[in-house]
Structures are given as structure tokens and as C-alpha cells.
Amino acid sequence: MSKKELIDLTPPQDMIYFMLKYSFFHKQVIQIPASVIFRKKVDFDLMKKALNIEIQRNDCMRLRFKKQGGKIKQYFIDEYTLDDIPVETFKTAEEQESCLTADAQKTIRFLKDEIYRFIFFNSYDGRQGIYINVCHLVMDAAAVFIFFSDLFAVYDSLEQGADLPKPLSKYEDMIKREFDYINNSGKVERDKEFYTEFFKKDGPPIFNAVHGPARLLKAREKNPGKRVLASFDPIHDKAVLSKNPVSKEDSAAILDYIDKTGCSPECLVQLGMRLYLAQLNKSVNDGIIDTYFITLCTRRKTLADKRCGGTATNTLPWRIVLDSNLTFAQAIGKIEEMQHEIFRHQDYPFVKWRDLEGELFNYGMADGASTMMYSWFPLNADSMNGWDYEFTGYCMGRYVMPLYTYSFRDYKNNTLRLAYLYRTNQISQDNIDSLSNNTVKALNIGCKNPDITIKEICDQLV
């Protein structure tokens, strides 16, 4: 693959670009604004040098895009240097949040060679930080964490006069593997067969709305058998980010259960959310715990992949029906089994499985059964090269789906963090607070008594 060769978007990038089709006017839906704040005192001039070295080490940061024949193409440039990086000093938390959120809601113009923006800052609380706003075609969330970790490793090497850390893997090589998969018709067909059976085995799915069953009940006045709602609205896409950190007291039992059992925190948190949504919508789902999230899978399988930037994530249609007599521990096991099963088919492109699902259930263009898009951020104490850090995301102001939820373990405070980016035309802050509070309640009940049935937990919710 030559450096100036025009390359098609990969399937994961196609999934990201698909979002633009459902947000006609607000293109910030395909960018990631985030910051890492740290206690280590740094020299921002040296950090700028480290950042420019990172651009050379991390080839996804040298991707550029152009339209050709109505399609988006990408190509790598050989060199790029950031000459001017603003440095801000904030006196209050409100000033800091306002400034960085304002940038988060300003579109990255990726077709005009603006791929990312950076701000170095002195935090109001005496710490320092780095803010990035990057085009999602270039980085997914995992790539953002890889970027920060490697940047700090480069900085430490410069500060200590040591050799640079081991080079990152090339995103260019990952792109080649993406097309190797697409060209493997046998593998693609086997994945299609899996998803066909996966979608059909439990019959048509149902939308368990975070705002309750009222809209679906209204739609059933004209169509009594209706089970899904329009999930995409390209006009009414105003969104608000609600950060709902879990208290240390409530986090303690949950994190202790994760540490003691080794269970997947992603599956654990999802179980709490799924139980609440099923209970909230029991008047339309016949009391069956049948929930459907679109979950983001990083698809970084090997050690080399885990040291590779770029966008590799794929959205997976993670529906699961749970027997209400299962215990809390058994239900987590069932979700983990589903995770392992569907992850074996994680390369099947979003556009393909979405079209397949629509054909099987005769969906309209905007219809969907998924309640939300969900991510677990796999951060740990060593995620940022061992630096004492705090991760923060910011609100883009617009979003393509009704709700995007992400959660992670905050190692700084040893608490669970929950955040919700939701569209305000249908969902209220009260809806989000109820989801968050009932999720934490369900998890505390289950983690303290893992032999309790999930029906018994549901009966204590809402």
C-alpha cells in the first residue's frame, strides 16, 4: 500500500461514516472529544515535542480524507507537525468545562485536512491536562487511550534522556487485514449464516425504551403487533451528556464482586441496565427480560493490535433473552456466554448485519429494536503509562442515536463511572437518572446476594 494511494474506508470506518447520513446538519457526531488530567508536572514545550514524535509513530494520525466519485477515500501522508498548540489556564471547574465543551461541539472538518485539535491546559485544581478532539474515522475510543498512553511514554523517555518506547503497530497493516476479511467470501458467508440464526432464534426483538413504553403503546393503537420504533432522526439530534458517577459506597460492593469473581465488568453493568429496562417496559414486553443493546467491540485481538491506533471498532447487535428464574450470578454467565459467541463474528460489518436484520423482520429504514449503544472503556491503573490520571469525556451536542451509554472504572477514586449521551427530544434527565439509579440498585442487590433471582431483583426496581 503506497503512501499516496487512495484507499476505501474500512468496514469500521463505514460504520462511523454511516452516522453522518442520520445527522444532516451536525457533523460533530463523528468525533471524539476527551481529556486526560494528571498530577505529574510537565513542561508543555517538551510535551509538544513528544506529540509531534507521536504523530510520526502513530500512523493513523497521518491519515487524510478526500471525496472521489461521491465516495470518501483516505490516504497516508509522510510527515506532519503541529506548530501551534494552545495552552489554557483555568481558574474554576466551570470555566474549564465550558471551554473544552465549546470545542467539543465545534465540527472537525476532516475533508479540509483538519483531523484533530489539541489543547494543553493547567487545570483549576493545580493539575495539568491534555484535551483532544479527533475525527472518529481516525481513532476509536481504544485508539484514544492508546494514543495517550504512548504519548506519555514518549514524554517520559524525552524527560529521562532514554530510548523511545517500543514502536506502535501500523494502522496501515490493520487496514490491509480489514480488506482481507471482506475479500474472504467464505468467512463473510459463515458470519452471515451465524447472524441469520442469531436474529431468528428468539423471534422479532422488542424496543425497551429508556423513557418507558408510552410511545410504543401509542404506535400499537394503529398497529397492535408493533415491536420497534424509529431509532434514527436526522433532524432532532440535539443531545446532552449526563455524567452519573457512582458513589464510593455504592461502588464498593460492585467493584469487590468484579475483583473476587473475575466476571466481565461490561457484562455486569449491562445486566443491571437490562433488568431495569425490561422491568420499566413490562407492559409491552409481556414481562420477558428481552433486551437489545448495540455494543461497541474494539476488535483488538492480538498484542500488536492492542498497540495500534486507528478505528477498528465494530457495533454488535447484542440481544439476549434471560429466564427470570436465573440467579444474578447465572445471568452474568449467560451474558458472558453471549459475548464470547458473538465476538467470534465481530468482523461482520455493521452495514451488512443491519441490512440483514431489516430484511428478516421487514423493518423500515429508520426502525430499530436496540435501546442504546453501549461501551465499556477498558481503562486500568496502568492505562496511561502509569501516570496518575483522570479521564473525562465531553458533550458533542448532537448524536445519531437516542442514547449512547459508556462506563468505566475510575482508578483514581476506585469508583464506577456511568455516562449517558442522550437525545433531548424524547429522553429527559429524569429518565436518565432513573436508569442510572436503578442500574446501581440492581447491581448492589445482586453483588451482595448473587444467588438472588433476577425476577426478585426486577421486583425491587422502578
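In the working numbering, each residue carries its 1-based index in the sequence shown increased by 678.
The C-beta atom is built at its ideal place from N, Cα and C for all residues, glycine as well.
These numbers were taken from a predicted model, which means no experiment stands behind them.
Check whether the Cβ atoms of I884 and L1004 sit closer than 7 Å, and answer yes or no.
Not in contact: I884 and L1004 (Cβ atoms no closer than 7 Å).
3 or more residues per run - each beta strand (DSSP E) lying fully within the segment 1023–1083:
With a minimum length of 3 residues, the continuous beta strand (DSSP E) runs that stay inside the segment 1023–1083 are 1050–1055, 1067–1071.
Anyone know if the C-beta pair for A819 and P711 falls short of 7 Å?
The answer is no: Cβ separation not under 7 Å.
Mark Y761 as exposed unless 16 or more other C-beta atoms lie within 10 angstroms of its C-beta, in which case mark it buried.
The amino acid occupying residue 761 in the given sequence is Asp; Tyr does not appear at that position. It counts as exposed.
Closest to A1044 by C-alpha separation, out of F910, F1006, G1075, would be which residue?
Nearest C-alpha to A1044 among F910, F1006, G1075: F910.
Taking DSSP as the reference, what is the three-state secondary structure of L687?
Of the three classes helix, strand and coil, the one that applies to L687 here is coil, per DSSP.
Assign S929 to one of two classes, buried (16 or more other C-beta atoms within 10 Å of its C-beta) or exposed (fewer than that).
The residue in question, S929, is buried, as its Cβ has 16 or more Cβ neighbours within 10 Å.
Counting only runs that start and end within the segment 853–900, where is the alpha helix (DSSP H) found for 4 or more residues in a row?
The DSSP assignment places 863–878, 892–897 as complete runs of the alpha helix (DSSP H) inside the segment 853–900, in order along the chain (cut-off: 4 residues).
For L1057, which residues of its own chain have a beta-carbon under 6 Å away from its beta-carbon, when the five flanking residues on both sides are left out?
In the same chain as L1057, and ignoring 5 residues on each side of it, the C-beta atoms closer than 6 Å to its own belong to F1086, in chain order.
Which one of G804, D803, R805, F796 has the shortest CA to CA distance from C813?
Shortest Cα-Cα distance from C813 to any of G804, D803, R805, F796 involves F796.
E1169 versus T1093: straight-line alpha-carbon distance, rounded
With the chain running from 679 to 1140 in the structure shown, residue 1169 is simply not present.
Environment of S680 [buried if 16+ CB atoms lie within 10 Å]:
Residue placement at S680 is flagged as unreliable, the pLDDT there being 46, under the threshold of 50; the coordinate-derived value follows with that caveat. By the neighbour-count definition (other C-beta atoms within 10 Å, threshold 16), S680 is an exposed residue.
Y1041 and T1083: beta carbons closer than 7 Å?
T1083 sits away from Y1041, with the two beta carbons spaced by 7 Å or more.
Since L974 and T989 are thought to touch, with beta carbons under 8 Å apart, how far apart are those beta carbons, to the nearest angstrom?
About 11 Å separates the two Cβ atoms, so there is no contact after all.
Other residues of its chain near S636: CB distance less than 6 Å, five sequence neighbours each side excluded:
There is no way to answer for residue 636, as the model of the chain reaches only from 679 to 1140.
What did DSSP end up calling S680 once you bin it into helix, strand or coil?
Annotation note: pLDDT 46 at S680 (below 50); position unreliable, coordinate value reported separately. Coil.
If we count the other Cβ atoms within 10 Å of its Cβ and call it buried at 16 or more, is T991 buried or exposed?
Only buried fits T991, as 16 or more other CB atoms lie within 10 angstroms of its CB.
Ignore the nearest five residues each way along the sequence and tell me which others in R905's own chain have a CB closer than 6 Å to its CB.
For R905, where only same-chain residues beyond five positions count, the Cβ hits under 6 Å are P882, I884.
Run the CB neighbour count on I913, radius 10 Å, all protein chains shown included, and call it buried at 16 or more, exposed below.
An exposed status is given to I913, since fewer than 16 other beta-carbon atoms sit within 10 Å of its beta-carbon.
Is K854 closer than 7 Å to D737 when the C-beta atoms are compared?
In this structure, K854 does not lie closer than 7 Å to D737 by Cβ.
Measuring CA to CA, which of Y1100, F768, S961 is closest to Q806?
Closest in alpha carbon position to Q806, among Y1100, F768, S961, is F768.
Which residue from K790, S801, I1010 puts its Cα closest to that of V714?
Of K790, S801, I1010, the residue nearest in Cα terms is S801.
If contacts are defined as beta-carbon pairs under 8 Å, then R742 and Q734 qualify, I think. What distance do you get, rounded to the angstrom?
Not a contact, Cβ separation roughly 15 Å.
Where V947 and L1121 are concerned, what is the direct C-alpha to C-alpha distance, given to the nearest angstrom?
Straight-line measurement puts the Cα of L1121 at about 7 Å from the Cα of V947.
For M697, I'd like the list of residues in its chain whose CB is within less than 6 Å of its CB, leaving aside the five on either flank, ordered along the chain.
If the five residues before and after M697 are omitted, its C-beta is found closer than 6 Å to the C-beta atoms of V707, I708, V1078, all from its own chain and listed in chain order.
Three Cβ pairs or more, each shorter than 8 Å: is that satisfied between the segment 885–892 and the segment 956–968?
These segments touch.
Along the beta strand (DSSP E) that carries F722, what are the first and last residues, could you check?
No beta strand (DSSP E) holds F722; the alpha helix (DSSP H) holding it covers 722–735.
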